[in-house]
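Those sequence lines, one after another, are chains A and B.
So the first sequence is numbered by our numbering: it starts at 14 and just counts up by one.
So the second sequence is numbered by our numbering: it starts at 14 and just counts up by one.
No residue lacks a Cβ here, since even glycine has one placed at the ideal position from N, Cα and C.
Encoded as structure tokens, the structure appears first; notes follow it.
Number of protein chains: 2
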Amino acid sequence: MTRAGSWVPTTPPTLADVAEVAGVSRQTVSNAVNNPDLLRPDTLARVLDAIDELGYSPNRAARNLRTRSSHLIGLRFAPAQEHTANALMDRFVHSLVETSSAAGYHVLLFPGDPEDPTAGYDQLLRSTAVDAFVATDTYLGNPQATWLETRRAPFVAFGRPWDNEEAVHPWVDVDGAAGVELATTHLVERGHQRIAWVGWRKEQVIGEDRRAGWTRAMRSRGLSTTGLASRSDDTVHSGREASAHLLDEASPTGFVCASDTLAMGVLHTLGERGLVAGRDVAVVGFDDSQVAQVVPPGLTSVRQPLEEVAVEIVRHLEGLLTHPPVRGGGVLLTPELVVRGSS
Amino acid sequence: MTRAGSWVPTTPPTLADVAEVAGVSRQTVSNAVNNPDLLRPDTLARVLDAIDELGYSPNRAARNLRTRSSHLIGLRFAPAQEHTANALMDRFVHSLVETSSAAGYHVLLFPGDPEDPTAGYDQLLRSTAVDAFVATDTYLGNPQATWLETRRAPFVAFGRPWDNEEAVHPWVDVDGAAGVELATTHLVERGHQRIAWVGWRKEQVIGEDRRAGWTRAMRSRGLSTTGLASRSDDTVHSGREASAHLLDEASPTGFVCASDTLAMGVLHTLGERGLVAGRDVAVVGFDDSQVAQVVPPGLTSVRQPLEEVAVEIVRHLEGLLTHPPVRGGGVLLTPELVVRGSS
DNA sequence: ATGCTCGGTTGGAACGATCAAGGGGGCTCT
DNA sequence: AGAGCCCCCTTGATCGTTCCAACCGAGCAT
């Protein structure tokens, strides 16, 4: 219990104040807070009473200065693109905040310059404003991870180091191929044979990874993939055009998409042609965005275990920050399929 | 330019290191960083060179300790509810991060306990971990604002103090009634006369505010509202039921909704009945969520100026933190209507 | 009794920045 | 020439915490 009197202190109580009230020294109070085991039970109780009475809470700045750590985790916060369905950061960030809070850390957001993915990191690092980073958006060609590695900055990446075989930093990622394989198999089990892939451009490694799941599922069932794949930008418009083209040329009965955004494009096409998703043609998206959840008749989608990702990331961070020599290693989590009306 | 050598320093350079290299005292370096005007141009240049050469960046902890301020802004981060269309925090948070960064502040996220809206604030406040808070979710009955006021905590609220006439804290809000009025007028101008309202329960002040915009627009055109209003929970399901009921009983030609989530429910109903949104019946949502942007045929929606909100909030925060006596005052911003296929 | 360990406690120093006060050189003014 | 002043810079103290080494009394073996 904290005494919540009406008096508002001009200056918060310090360790010394508590020490005086409890009749012990500063160090003893510090120990009561950080290493309670070192104190005799009765002394500890007396100190805790005093802390309680004064409403004492250790001054973060002083502690940070002395211990050379801020207990803050930096996260570059880029906004979700408008006119797409991808807003997974929201779920991820929340889980990260929750998990790291339980581990005694807070999340510090800093803006990301789209032009320069490494901007901002340096400043925070050198001013010892954060203890570590969580790096997201580790798509191919993003120099973030490599840059952080050369700086010896403690960080955990959400995303595999696609372009760097020798990367030794810890990472956590979701097995996109496995997710798409789940989705494809799901459609096969519903009796579909001609299942099309609506994906991203070839340069997008993540997209190619997901595509591999489709190929794998199709081949393992002896189904042909010829003429059933398309690649384009991650926009609703592209998804619409791609699916229209596929319907004309290959008449698939099901679509597996690299994203919910593309899947929405497919739904557009179906609507234009008087086809009903889930009845005439099956559609599966990727990300289980809010769009997938509320659009009629419900879009079946691959859901990334973002909560688990955050947990794993924090686990790695704790490892990094407490046992510095321990480095490297990755964790690959498997997504699940959320089945809705569209399939 | 920062010298990015391959050597990684074990310990970052300090003010004293810079002072030695530049051949000046600590205080002079400090002034070079914080009050450049105080130095002679040539001295300033020499110091800046040294700073550059060493890659110096002030230690945040030390600065915070001495100045009794952290330059951090606390934001309670609650996740968007699943199965709704509302994910406006994403846009808002990004803008807040961007704006406050420009003002020299960073955003610190902390988890919110749904059971206790004031949890977390106290700890951060007393440990001087943050300078101020941004309080969101200031719906009626949320004790946050009042609690923060009694604690004399510096904060700016996103949302009006609905339940407290005497509130003196600064706030920024969006005029929901004006937004809905825009939406309703838009439908009237398109020739609609029987325009229904799909809203929230009466207890939701924000919902009632938005509803007032509908009433106002209807009355000013001499249109009847009788039997055209419904109130329910903010779920797709509720929106679906409400609109089905309204169609049966009052046969409206247009729907104005308190949220995109409810609007999606309306779209569900239309789909079930073979009606086409935008052709047979007009639908307008609220929030301009990603769902509104990508759902076929595009959902017309009221877009809150979240970027401006963040700017205003940061402006108020700066005022609070630099001229403590200046308090109070609110800003009400007007949203705009984004017209899409559904109307 | 002496020496020694051990749990518990103590005061001094340090972390790295800013604040407040002080000082020296050059200029003007008398 | 001396007083006064301003400008530019330096010095010592300080923020509140944790680290460090020393200390002290009690218990035990010698």
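With distance defined between alpha-carbon atoms, name the residue in the options nearest to residue i.
i	options	result
ASP6 of chain B	B:ALA75, B:SER83 and B:VAL42	The structure shown has nothing for residue 6 of chain B, since chain B only spans 14 to 356.
VAL218 of chain A	A:THR151, A:LEU241 and A:LEU52	A:THR151
GLU128 of chain B	B:ALA148, B:ARG139, B:SER113 and B:PRO156	B:PRO156
THR228 of chain B	B:GLY252, B:VAL201 and B:ASP246	B:VAL201
SER251 of chain A	A:SER233, A:THR274 and A:ALA230	A:THR274
GLY125 of chain B	A:SER302, A:LEU312, A:VAL110 and A:TYR118	A:VAL110
ARG79 of chain A	A:SER108, A:ALA230, A:ARG292 and A:THR141	A:THR141
ALA32 of chain A	A:GLY332, A:LEU61 and A:ARG164	A:LEU61
ALA58 of chain A	A:ALA75, A:ARG39 and A:ALA35	A:ALA35
GLY117 of chain B	B:GLU321, B:THR347, B:VAL352 and B:LEU334	B:LEU334
GLU216 of chain A	A:ARG104, A:ASP176 and A:GLU262	A:ASP176
PHE168 of chain B	B:ALA225, B:GLY189 and B:VAL143	B:VAL143
SER82 of chain B	B:ALA323, B:ALA93 and B:ARG139	B:ARG139
GLY220 of chain A	A:PHE299, A:ALA93, A:LEU346 and A:PHE123	A:PHE299
ASP103 of chain A	A:GLY226, A:PHE123, A:THR27 and A:GLU320	A:GLU320
GLY235 of chain B	B:GLU254, B:THR197 and B:VAL106	B:THR197
Residue i lies in the beta strand (DSSP E); which residues open and close that run?
i	result
ASP360 of chain B	Because residue 360 of chain B is not part of the residues shown, which for chain B are 14 to 356, the question remains open.
VAL87 of chain B	Going by the sequence as given, residue 87 of chain B is Gly instead of Val. Taken as a continuous stretch (DSSP letters only), the beta strand (DSSP E) holding GLY87 of chain B covers 85 to 90.
GLY212 of chain A	208 to 213
GLY298 of chain A	295 to 299
TRP227 of chain A	TRP227 of chain A -> not in any beta strand (DSSP E); alpha helix (DSSP H) instead, spanning 218 to 233.
SER243 of chain A	242 to 245
VAL34 of chain B	Element bounds for VAL34 of chain B: not the beta strand (DSSP E) but the alpha helix (DSSP H), 28 to 35.
TRP184 of chain B	184 to 187
GLU349 of chain A	349 to 351
PRO174 of chain A	From DSSP, PRO174 of chain A is part of no beta strand (DSSP E); its letter is neither H nor E.
LEU121 of chain A	119 to 124
GLY278 of chain A	From DSSP, GLY278 of chain A is part of no beta strand (DSSP E) but of the alpha helix (DSSP H) over 273 to 285.
LEU345 of chain A	343 to 346
Name the chain A residues whose beta carbon is nearer than 7 Å to that of residue i?
i	result
ASP3 of chain B	Because chain B spans 14 through 356 in this model, residue 3 of chain B falls outside it and cannot be assessed.
HIS281 of chain B	PRO309
SER114 of chain B	PHE123 and PRO124
GLY68 of chain B	ARG139
Between which two residues does the alpha helix (DSSP H) holding residue i run?
i	result
ALA263 of chain B	249 to 263
ARG316 of chain B	Careful: ARG316 of chain B lies outside any alpha helix (DSSP H), inside the beta strand (DSSP E) at 313 to 316.
ARG73 of chain A	73 to 80
LEU319 of chain B	319 to 335
GLY267 of chain A	Not the alpha helix (DSSP H): GLY267 of chain A falls in the beta strand (DSSP E), residues 267 to 270.
VAL106 of chain B	101 to 115
ALA58 of chain A	54 to 67
SER43 of chain A	39 to 47
GLU162 of chain B	157 to 163
GLN303 of chain A	303 to 307
Report the CB separation of residue i from residue j in whole angstroms; it is logged as a contact under 8 Å.
i	j	result
ILE86 of chain B	LEU288 of chain B	ILE86 of chain B to LEU288 of chain B, Cβ: 47 Å. No contact.
MET277 of chain A	VAL294 of chain A	No, MET277 of chain A and VAL294 of chain A are not in contact; Cβ-Cβ is about 14 Å, not under 8 Å.
VAL296 of chain B	SER356 of chain B	7 Å
LEU260 of chain B	THR282 of chain B	7 Å
HIS119 of chain B	LEU241 of chain A	Actually they are not in contact, since the Cβ atoms of HIS119 of chain B and LEU241 of chain A sit about 48 Å apart, beyond 8 Å.
TRP160 of chain A	ARG173 of chain A	Contact flag wrong, Cβ pair sits at about 17 Å.
ALA29 of chain B	ASN77 of chain A	Incorrect: roughly 19 Å between the Cβ atoms, too far for contact.
SER113 of chain B	VAL327 of chain B	5 Å
ALA191 of chain A	PRO348 of chain A	7 Å
What does residue i touch in chain B if you count any residue whose Cβ is under 8 Å from its own?
i	result
MET277 of chain A	VAL307, VAL308 and PRO309
GLU111 of chain A	PRO124
VAL31 of chain A	What VAL31 of chain A touches in chain B: nothing, since even the nearest Cβ is about 13 Å away.
In chain B, which residues lie less than 9 Å from residue i when you measure between Cβ atoms?
i	result
SER83 of chain A	ARG73 and ALA74
HIS205 of chain A	Neighbours of HIS205 of chain A on chain B: none; closest Cβ ~22 Å, over 9 Å.
THR149 of chain A	Simply none; closest approach about 14 Å.
THR266 of chain A	Result: empty, since nearest Cβ-Cβ is about 20 Å, beyond 9 Å.
Which residues of chain B have a Cβ atom closer than 7 Å to the Cβ of residue i, listed in chain order?
i	result
THR141 of chain A	PRO25, ASN72, ARG73 and ALA74
ASN77 of chain A	ALA74
THR274 of chain A	VAL307
VAL187 of chain A	Within 7 Å Cβ-Cβ: nothing; VAL187 of chain A doesn't reach chain B, min ~18 Å.
Residue i versus chain A: which residues are under 9 Å apart at the beta carbon?
i	result
ASN249 of chain B	Residue identity differs from the one stated: residue 249 of chain B is Val in this sequence, not Asn. Ordered by position in chain A, the residues that pass the 9 Å Cβ test against VAL249 of chain B are GLN306, VAL307 and PRO309.
Can you pull the chain A neighbours of residue i, defined as C-beta to C-beta under 8 Å?
i	result
GLY284 of chain B	PRO309 and PRO310
**Request:** Please determine if the stretch 203 to 212 of chain B and the stretch 259 to 276 of chain B are in contact, where contact requires at least 3 C-beta pairs separated by less than 8 Å.
**Result:** Output reads yes: the stretch 259 to 276 of chain B touches the stretch 203 to 212 of chain B.
**Prompt:** Would you say the stretch 125 to 141 of chain A touches the stretch 56 to 71 of chain B, given that touching needs at least three Cβ pairs under 8 Å?
**Reply:** A contact exists between the stretch 125 to 141 of chain A and the stretch 56 to 71 of chain B.
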